[in-house]
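**Student:** The opening position of the sequence shown corresponds to residue -10 in the working numbering, with each subsequent residue numbered one higher.
All C-beta atoms in this analysis are idealised placements derived from N, C-alpha and C, irrespective of residue type, glycine included.
Remember, it's a predicted structure, so these values are computed and weren't measured experimentally.
Provided herewith is a single structure, encoded as structure tokens, for subsequent inquiry.
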Amino acid sequence: MQHFLSAAGFLIEDFAGTLLFLAVFALTHDMAWAVAAGVALGVAQVGWRLARKRGVDALQWVSLGLVVTASFASFMTNDPRFVMLKPSAIYLIIGGVMLKRNWMARYMPPVARERIPDLVILFGYVWAGLMFASAALNVVLAFTLTPGQWTLAMAVWGPCSKLALFLVQFPVMKLIGRRRSLRSLVAA
């Protein structure tokens, strides 16, 4: 359970600014407040890590950069379709970053990196696939739903799809890791 909570904490930390943006936008339909909340949290997270002399991971920089640049573009265009399509760009960029081999190692305890490094890499690519699928789904929804319907759909799809994959990945990795550990004990 400790490893599960640790991994979940990293995911929440990396996507907190984006999740806060979506939550505030879904609740208020106010772009300015949603942008301000997402940017403030992203900047605060990075600032906190830098002040504590802790490294800032690539996904955290990407998340902050996307929130800031996409928010600026939203203000400049004031176009609801742009706001609705923005998550597709974010998903594509994050999916591209997730194509980096072994990006998930940061989220794994040392025992997982040792026993199931192949699964760490494999699930990294599965996560990238989910990001690309989410980008495509968002484009379809942006052109078929009203802004209110789209906000609700993406507010549900975004966190739920990631949580579902996480809830599949964690027990699969744990089960296979345990089996490999037992096999190595029997072989020794």
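#1: Hey, could you find the ends of the alpha helix (DSSP H) Lys151 is sitting in?
#2: Is Arg38 helix, strand or coil when you go by DSSP?
#3: Mind checking which residues open and close the alpha helix (DSSP H) that includes Asp107?
#4: Return the CA-CA distance between Gly44 and Leu174, expressed in angstroms with no decimal places.
#5: Let me make sure I understand the geometry here. Which of His18, Val35, Gln158 and Gly54 has the alpha-carbon closest to that of Ala78?
#6: Does the Cβ-Cβ distance between Leu9 and Leu30 come in under 8 Å?
#7: So, with DSSP's three-state summary, where would you put Pro99?
#8: Report the three-state DSSP secondary structure of Gly44 (helix, strand or coil).
#9: Does Arg90 come out as helix, strand or coil in the three-state DSSP assignment?
#10: If you draw a straight line from the C-alpha of Ala176 to the C-alpha of Val161, how long is it?
#11: Would you tell me roughly how many angstroms separate the C-alpha atoms of Ala26 and Ala47, rounded to the nearest one?
#12: Drop a sphere of 10 angstroms on the beta-carbon of Lys89, count the other beta-carbons inside from all chains shown, and report buried for 16 or more, exposed for fewer.
#13: Do the region 93 to 100 and the region 131 to 149 touch if we need at least three Cβ pairs shorter than 8 Å?
#14: Would Arg102 pass as a contact of Arg169 if the rule is Cβ separation under 8 Å?
**Tutor:** Quick look at the numbers:
#1: Locating residue 151 in the sequence shown gives position 162, where the first residue counts as 1. Unbroken alpha helix (DSSP H) run through Lys151: Pro136 to Ala176.
#2: Taking the first residue of the sequence shown as 1, we reach residue 38 at position 49. Three-state result, Arg38: helix.
#3: As a first step, residue 107 must be located in the sequence shown, where it is residue number 118. Counting along the chain, the alpha helix (DSSP H) containing Asp107 begins and ends at Pro106 to Thr133.
#4: Along the sequence shown, read from residue 1 onward, the residue named residue 44 stands at position 55. Along the sequence shown, read from residue 1 onward, the residue named residue 174 stands at position 185. Approximately 36 Å, taken between the alpha carbons.
#5: Along the sequence shown, one-based indexing puts residue 78 at 89. Nearest in C-alpha terms to Ala78, of all of His18, Val35, Gln158 and Gly54, is Gly54.
#6: For this step, residue 9 is matched to residue 20 along the sequence shown. For this step, residue 30 is matched to residue 41 along the sequence shown. Contact: yes.
#7: Counting from 1 along the sequence shown, the entry for residue 99 is found at position 110. Three-state result, Pro99: helix.
#8: Along the sequence shown, one-based indexing puts residue 44 at 55. Correct three-state label for Gly44: coil.
#9: Looking up residue 90 in the sequence shown gives position 101. DSSP places Arg90 in coil when its eight states are reduced to three.
#10: As a working note, residue 176 is residue 187 in the sequence shown. As a working note, residue 161 is residue 172 in the sequence shown. So the two alpha carbons sit approximately 22 Å from each other.
#11: Within the sequence shown, the letter at position 37 stands for residue 26. Within the sequence shown, the letter at position 58 stands for residue 47. Their Cα atoms are separated by approximately 21 Å.
#12: One-based indexing of the sequence shown puts residue 89 at position 100. Answer is exposed; the Cβ neighbour count stays below 16.
#13: Output reads no: the region 131 to 149 does not touch the region 93 to 100.
#14: Here the question's residue 102 lines up with position 113 in the sequence shown. Here the question's residue 169 lines up with position 180 in the sequence shown. No, Cβ-Cβ distance for Arg102 and Arg169 is not below 8 Å.
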